[in-house]
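Structure first, then comments.
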Amino acid sequence: MPASTGSRLSSREKARAYRERMRAGGFRPVQFWVPDTRTAAFRAEAHRQSGAVAG
114 MPASTGSRLS
124 SREKARAYRE
134 RMRAGGFRPV
144 QFWVPDTRTA
154 AFRAEAHRQS
164 GAVAG
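Counting from 114, one number per residue, gives the positions in the sequence shown under the working numbering.
Quick look at the structure:
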């Protein structure tokens, strides 16, 4: 679908259209927080827990 220079959608319009399509498909947006696996504290805790599981 070629678009002329005058009819291009902005990033905001593309995102809005995408969200509308997803909602129409039965989805809803969800935001959640996850641990930062790049930190030294995370690595240390993961190492501690893996040692505890290993026995």
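Cβ atoms here follow ideal geometry from the backbone N, Cα and C, with glycine treated the same way.
Predicted model, so just to flag it, every value in this text is computed and none were measured.
*May I ask which residues mark the beginning and end of the alpha helix (DSSP H) holding F155?*
153-167
*Can you give the beta carbon distance from P142 to R129, rounded, assuming they're within the 8 Å contact cut?*
Going by Cβ atoms, the distance from P142 to R129 rounds to 12 Å, so no, they are not a contact pair.
*G164 versus P148 - alpha carbon distance*: 19 Å
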